[in-house]
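Trainee:
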Amino acid sequence: MQRACLLSTFGTALVLLTTGSAQAATQIDWWHAMGGGLGEKVNDIAADFNARQDDYVVNPVFKGDYTDTMMSAIAAFRAGKAPEIVQIYEVGTATMMHAKGAIIPVYRLMAEESADFDPSAYLPAVTGYYTTPEGKMLSLPFNSSTPVTYVNRDILEKAGVDEVPMTWQGLGKALEKVVDSGAADCGLTTTWPSWVMLENYSARNDIPFASEANGFEGLDARLQFNETAVVDHIQRLAQWQQDGRFAYGGRKDEAAPKFYSGECAMMMGSSASYAGVRDNANFDFGVAPLSYDAEVIESPNNTIIGGASLWVLSGASEAQKKGIAEFFEYLSSPEVQADWHQFTGYLPITTAAAELTRKQGFYEENPGTDVAIEQMTGSAPTENSKGLRLGNMVQIRDVINGALEKIFAGEVGVQQGLDQAAEKGNALLEKFQNANS
Amino acid sequence: MAYFQRSHFMPWLLLAPQLIIVSVFFFWPAWQAVEQAFYIEDAFGLARHFAGLSNFMAVLSDPAYYSVIWTTVVFSLSVALGAMSIALFLAVLADRVIKGGSTYKTFLIWPYAVAPAVAGVVWLFLFDPSLGLVTALLERLGIEWNHNLNGGQALLLVILASVWKQMSYNFVFFLAGLQAIPKSLLESAAIDGASPMRRFWTITFPLLSPTSFFLLVMNSIYAFFETFGTIDTVTSGGPGSATTTLVYKIYQDGFVGQNLGTSAAQSVLLMVLVGGLTFIQFRFVERRVQY
Chain G
1 MQRACLLSTF
11 GTALVLLTTG
21 SAQAATQIDW
31 WHAMGGGLGE
41 KVNDIAADFN
51 ARQDDYVVNP
61 VFKGDYTDTM
71 MSAIAAFRAG
81 KAPEIVQIYE
91 VGTATMMHAK
101 GAIIPVYRLM
111 AEESADFDPS
121 AYLPAVTGYY
131 TTPEGKMLSL
141 PFNSSTPVTY
151 VNRDILEKAG
161 VDEVPMTWQG
171 LGKALEKVVD
181 SGAADCGLTT
191 TWPSWVMLEN
201 YSARNDIPFA
211 SEANGFEGLD
221 ARLQFNETAV
231 VDHIQRLAQW
241 QQDGRFAYGG
251 RKDEAAPKFY
261 SGECAMMMGS
271 SASYAGVRDN
281 ANFDFGVAPL
291 SYDAEVIESP
301 NNTIIGGASL
311 WVLSGASEAQ
321 KKGIAEFFEY
331 LSSPEVQADW
341 HQFTGYLPIT
351 TAAAELTRKQ
361 GFYEENPGTD
371 VAIEQMTGSA
381 PTENSKGLRL
391 GNMVQIRDVI
401 NGALEKIFAG
411 EVGVQQGLDQ
421 AAEKGNALLE
431 KFQNANS
Chain L
1 MAYFQRSHFM
11 PWLLLAPQLI
21 IVSVFFFWPA
31 WQAVEQAFYI
41 EDAFGLARHF
51 AGLSNFMAVL
61 SDPAYYSVIW
71 TTVVFSLSVA
81 LGAMSIALFL
91 AVLADRVIKG
101 GSTYKTFLIW
111 PYAVAPAVAG
121 VVWLFLFDPS
131 LGLVTALLER
141 LGIEWNHNLN
151 GGQALLLVIL
161 ASVWKQMSYN
171 FVFFLAGLQA
181 IPKSLLESAA
191 IDGASPMRRF
201 WTITFPLLSP
211 TSFFLLVMNS
221 IYAFFETFGT
231 IDTVTSGGPG
241 SATTTLVYKI
251 YQDGFVGQNL
261 GTSAAQSVLL
271 MVLVGGLTFI
281 QFRFVERRVQ
291 Y
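In structure tokens:
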């Protein structure tokens, strides 16, 4: 960490020397969680912004994974040394927005500092997760993805499945063929089970995950997944786990090798995994939209996003605020967004960026990359598909994943397992409510 | 000598560096944890109010906490006993090797140089449910290995990884202990007709007791605290909460969940627990040690 600091200081010094405006440039620190190739891309974006103007210098600093970054930012805030911009994952949203004295909402900052900020330029399905019920943007979406279905076409062909079904009912029949024909040992697996199989299943089929509009309308929201069609859905997966049509693979990305190795014919996972699938799959793969439940809904909703957004922490000076507004405008520009979208597989945050990407012919050259964006923009988000705003969401996910593991291992019944998870989750929500009201 | 007894200043001065380090890196954070345990505070430290014992009540009234204690007991006992008995066995064997002894010893000490997180990753590769080498072997034997779903297997895996990592440390101490035992004792027993097993249990083992006791304390502390990295990389406490130990739960609640109050209460409880355990070890087990 110390070395990263030194390096960035050195980098800053270099920039100051070359631009020759050492006395004027305002420093803006940006802590992020993008490692590897993504981290280099972040550095490129900041360097390009710094080169374009002389007034501000944005210093990106890599702080480890999402949890590490959030922890360091909070610790730094408590010590009075917070960065101006910090990248926070979507499940940390409720914690951030309730820390009223610690953040500057993006809509307010942009309104005060920037003349041509147009909230309607952003994709509602992406920004919805980070806005108030009145539609005011609290943080700037940076990297957002949504779950899609990756399929192994070679296996499907061997099993005699011509088309990837759109519904869970159709999927059940197709996967039966896969397993019965012996084309693969397992039909379907999933990464991030709570996100895909509970949170997004609810959004896609327009059923509430929690009360109070999934927590958007109040801290007294309580979990409802144990009383909805989710129960039948998990029952279905538990059944499939028995007969081979589904295989549980782990809480995060651990399931991916099951798909790469050809053990499973399909995988539901983040749209941002596209590059990983492309690099690891030595078979003909395809991307299909996330299935919906024909018994619950006729035409499906959009799915909800995962990923992270950029928060502005209070303590920024007037000059820094101006710089942040300018930087956010630059980040939202169609060119930067289209480049980021195409390079990483994350969703673009503006309509203009999606159109630019289409015009550049990217979707034609990379078939399947437009599935996620189609899925997000196909319908207007409803109360149930705008996102989740639940406190202690990181732990709630752990609780849900723990319950799923017990259900799939056959240790508890479906209803009982989900009831227990809801009860534990509600205790966490109550704790959050008490600490923030 | 007389000078030291008269002066009240000199001993303190000489102790000062150590005392300063201990107070900055131990007493101060420990005090902060104790203080934090009595408050409810939001993550950013914007609002804070006194909560009395409610953080402790919340922890102690949660049935999940007791299952975590049970997991910790099973885990720690297995790790401490496993790492010590295997190390002792290997040390006795290595002590008798005459040719190429140092090569054996080097290889046996090697795992200690591996960081806990890396040790975890190595074992994770071997036991990956889809790609792992050992998993493939087990499958041939008809055992289905999936530690992502099977809690018992997950616990076994983190125990294996932790034992492997700690074994080398114990090996070094046991080997040194064995080499300090006078050969004449063993030889005279052999002349009296004592079998190798008898020589081990009546001479070697009792003479190793100071080493064993020291290692028991060190291994308990290792199992309680330092296995965090291994657990984090291998299972992240799952599946369910099958591999969540007390330390891991503190991390989950405090760092991931931002619940500072209950997390601090748990660390105070853990501090009391480990302190108590060490006290018991010194009070009762040490009596049987022959120096």
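Line order of the protein sequences matches chains G and L.
At position 14 of the first sequence (counting the first as 1) the number is 14 in full-length UniProt numbering, and the numbers step up by one without a gap.
At position 123 of the second sequence (counting the first as 1) the number is 123 in full-length UniProt numbering, and the numbers step up by one without a gap.
All C-beta atoms in this analysis are idealised placements derived from N, C-alpha and C, irrespective of residue type, glycine included.
(1) Does Tyr346(G) get closer than 8 Å to chain L when you measure Cβ to Cβ?
(2) State whether the segment 265–279 of chain G contacts the segment 149–157 of chain G, with contact taken as three or more CB pairs (one from each stretch) at a distance under 8 Å.
(3) Can you find at least 3 beta carbon pairs, one from the segment 364–376 of chain G and one from the segment 342–356 of chain G, that sit closer than 8 Å?
(4) DSSP three-state call for Asp419(G): helix, strand or coil?
(5) CB Tyr129(G) to CB Ile304(G), shorter than 8 Å?
(6) Thinking Tyr39(L) and Gly261(L) are a contact (beta carbons under 8 Å), I'd like their distance in whole angstroms, please.
(7) Please identify the residue among Phe282(L), Asn170(L), Asn259(L), Glu139(L) whose C-alpha is closest to the C-alpha of Ala87(L).
(8) Could you give the uninterrupted runs of the alpha helix (DSSP H) lying entirely in the segment 247–316 of chain G, keeping only those of 4 residues or more?
(9) Let me check understanding here. Comparing Cα to Cα, which of Gln266(L), Met167(L), Thr245(L), Ala154(L) lies closest to Val234(L)?
(10) Sorted by chain position, which residues of the same chain lie with C-beta nearer than 8 Å to residue 292(L)'s C-beta, five sequence neighbours on each side aside?
(11) State the Cα-Cα distance for the pair Ala213(G) and Pro289(G), rounded to the nearest angstrom.
(12) To the nearest angstrom, report how far apart Thr191(G) and Val231(G) are at their CA atoms.
(13) For Lys252(G), is the classification buried or exposed, using 16 other Cβ atoms within 10 angstroms of its Cβ as the cut-off for buried?
(14) What is the DSSP secondary structure of Ile104(G), reduced to helix, strand or coil?
(15) Quick one: list the residues of chain G neighbouring Asp128(L), beta-carbon separation under 8 Å, in chain order.
(16) So does the segment 209–223 of chain L actually touch the segment 127–137 of chain L, counting three or more Cβ pairs closer than 8 Å?
(17) Per the contact definition of three or more C-beta pairs closer than 8 Å, is the segment 227–244 of chain G in contact with the segment 15–25 of chain L?
(18) Note down, in chain order, all residues in the segment 230–242 of chain L with a beta-carbon under 9 Å from any beta-carbon belonging to chain G.
(19) Which residue marks the beginning of the alpha helix (DSSP H) containing Phe327(G), and which one marks its end?
(20) Going by C-alpha to C-alpha distance, which of Ser263(L), Ser168(L), Gly151(L), Val289(L) sits closest to Pro210(L)?
(21) Given a threshold of 16 other Cβ atoms within 10 Å of its Cβ, counted over all protein chains shown, does Ala316(G) qualify as buried or as exposed?
(22) Buried or exposed: which applies to Glu423(G), given that a residue is buried once 16 or more other Cβ atoms fall within 10 Å of its Cβ?
(23) When we look at the beta-carbon of Gly391(G) and count the other beta-carbons within 10 Å, is it buried (16 or more) or exposed?
(24) Use the C-beta contact count for His8(L): other C-beta atoms within 10 angstroms, 16 or more gives buried, fewer gives exposed.
(25) With a threshold of 8 Å, are at least 3 pairs of Cβ atoms found where one atom belongs to the segment 230–250 of chain L and the other to the segment 54–74 of chain L?
(26) Okay, do the segment 166–183 of chain G and the segment 283–301 of chain G touch, 3+ Cβ pairs below 8 Å being the bar?
(27) Could you check if Ser21(G) is buried or exposed, using at least 16 other CB atoms within 10 Å of its CB as the buried criterion?
(28) Could you run through the segment 222–249 of chain G and flag, in chain order, every residue whose CB is less than 8 Å away from some CB of chain L?
(29) Please report the distance separating the alpha-carbon of Met57(L) from that of Ala37(L).
(30) Would you call the CB atoms of residue 380(L) and Ala265(L) closer than 8 Å?
(31) Please report the residue range of the beta strand (DSSP E) in which Pro60(G) lies.
(32) Do Ala33(G) and Ala308(G) come within 8 Å of each other at the CB atom, strictly closer than that value?
(33) Just to confirm the assignment, what range does the alpha helix (DSSP H) spanning Thr211(L) have?
(34) Given a cut-off of 8 Å on the beta-carbon distance, is the pair Ala380(G) and Ala403(G) in contact?
(35) At a CB distance below 9 Å, what residues from the segment 36–57 of chain L approach chain G? Give them in sequence order.
(36) Can you give me the C-alpha to C-alpha distance between Leu277(L) and Leu216(L), rounded to a whole angstrom?
Mentor: So, to answer that:
(1) Position 346 of the first sequence, counted from the first residue, corresponds to residue 346(G). Not a single C-beta of chain L is nearer than 8 Å to the C-beta of Tyr346(G).
(2) They touch, by the three-pair rule.
(3) Short answer: they touch.
(4) Locating residue 419(G) in the first sequence gives position 419, where the first residue counts as 1. Asp419(G) falls in the helix class under three-state DSSP.
(5) One-based indexing of the first sequence puts residue 129(G) at position 129. One-based indexing of the first sequence puts residue 304(G) at position 304. With respect to the 8 Å criterion, Tyr129(G) and Ile304(G) are classified as neighbours on the basis of their beta carbons.
(6) For the purposes of this step, residue 39(L) is identified with residue 39 of the second sequence, where counting begins at 1. For the purposes of this step, residue 261(L) is identified with residue 261 of the second sequence, where counting begins at 1. The Cβ separation is near 6 Å, so the contact holds.
(7) Translated into the one-based positions of the second sequence, residue 87(L) becomes position 87. Nearest C-alpha to Ala87(L): Asn170(L).
(8) Unbroken alpha helix (DSSP H) runs of no fewer than 4 residues, entirely contained in the segment 247–316 of chain G, are found at 256–260, 274–280, following chain order.
(9) Residue mapping note: residue 234(L) aligns to position 234 of the second sequence, counting from 1. Answer by Cα proximity: Ala154(L).
(10) Chain L is shown from 1 up to 291; residue 292(L) falls before or after that span and cannot be answered.
(11) Counted from its first residue, the first sequence places residue 213(G) at position 213. Counted from its first residue, the first sequence places residue 289(G) at position 289. Here the alpha carbon of Ala213(G) sits roughly 25 Å from the alpha carbon of Pro289(G).
(12) Reading the first sequence from its first residue, position 191 is the one you call residue 191(G). Reading the first sequence from its first residue, position 231 is the one you call residue 231(G). Distance between the alpha carbons of Thr191(G) and Val231(G): 19 Å.
(13) For the purposes of this step, residue 252(G) is identified with residue 252 of the first sequence, where counting begins at 1. Exposed.
(14) The residue you call residue 104(G) lines up with position 104 of the first sequence. Strand at Ile104(G).
(15) The residue you call residue 128(L) lines up with position 128 of the second sequence. What Asp128(L) touches in chain G, judged by beta-carbon distance under 8 Å, is Pro257, going in chain order.
(16) With a cut-off of 8 Å, the segment 127–137 of chain L and the segment 209–223 of chain L do not count as touching, because too few Cβ pairs lie within range.
(17) Short answer: they don't touch.
(18) Residues passing the 9 Å Cβ filter: Ser236, Gly237, Gly238, Pro239, Gly240, Ser241, Ala242.
(19) By one-based count along the first sequence, residue 327(G) stands at place 327. Residues 318–332.
(20) Position 210 of the second sequence, counted from the first residue, corresponds to residue 210(L). If we check each option's Cα against that of Pro210(L), Val289(L) comes out closest.
(21) To locate residue 316(G), count along the first sequence from 1; it is residue 316. So Ala316(G) ends up on the buried side.
(22) Here the question's residue 423(G) lines up with position 423 in the first sequence. It counts as exposed.
(23) Residue mapping note: residue 391(G) aligns to position 391 of the first sequence, counting from 1. Buried, since its Cβ has 16 or more Cβ neighbours within 10 Å.
(24) Counting from one through the second sequence, the residue named residue 8(L) turns up at place 8. By the 10 Å Cβ count, His8(L) comes out exposed.
(25) Yes: at least three Cβ pairs fall under 8 Å.
(26) Taking 8 Å as the limit for Cβ pairs, the verdict is that the segment 283–301 of chain G does touch the segment 166–183 of chain G.
(27) In the first sequence, counting from the first residue as 1, residue 21(G) sits at position 21. Its pLDDT being 44, under 50, Ser21(G) is placed unreliably in this model, and the value from its coordinates should be taken loosely. So Ser21(G) counts as exposed.
(28) Only those residues of the segment 222–249 of chain G whose C-beta falls short of 8 Å from the nearest C-beta of chain L are listed: Tyr248, Gly249.
(29) Here the question's residue 57(L) lines up with position 57 in the second sequence. Here the question's residue 37(L) lines up with position 37 in the second sequence. If you take the alpha carbons of Met57(L) and Ala37(L), they lie about 11 Å apart.
(30) Chain L is shown only over 1 to 291; residue 380(L) falls outside these bounds and no answer can be derived.
(31) Mapped onto the first sequence, residue 60(G) falls at position 60. Note, Pro60(G): beta strand (DSSP E), 56–62.
(32) Here the question's residue 308(G) lines up with position 308 in the first sequence. Here the question's residue 33(G) lines up with position 33 in the first sequence. Taking 8 Å as the cut-off, the Cβ atoms of Ala308(G) and Ala33(G) count as close.
(33) Residue mapping note: residue 211(L) aligns to position 211 of the second sequence, counting from 1. Note, Thr211(L): alpha helix (DSSP H), 209–221.
(34) As a first step, residue 380(G) must be located in the first sequence, where it is residue number 380. As a first step, residue 403(G) must be located in the first sequence, where it is residue number 403. Between Ala380(G) and Ala403(G), the gap from beta carbon to beta carbon reaches 8 Å or more.
(35) Taking 9 Å as the Cβ-Cβ cut-off against chain G, the residues of the segment 36–57 of chain L that qualify are Ile40, Glu41, Asp42, Ala43, Phe44, Gly45, Leu46, Ala47.
(36) Here residue 277(L) refers to the residue found at position 277 when the second sequence is read from its first residue. Here residue 216(L) refers to the residue found at position 216 when the second sequence is read from its first residue. Each residue's alpha carbon lies about 11 Å from the other.
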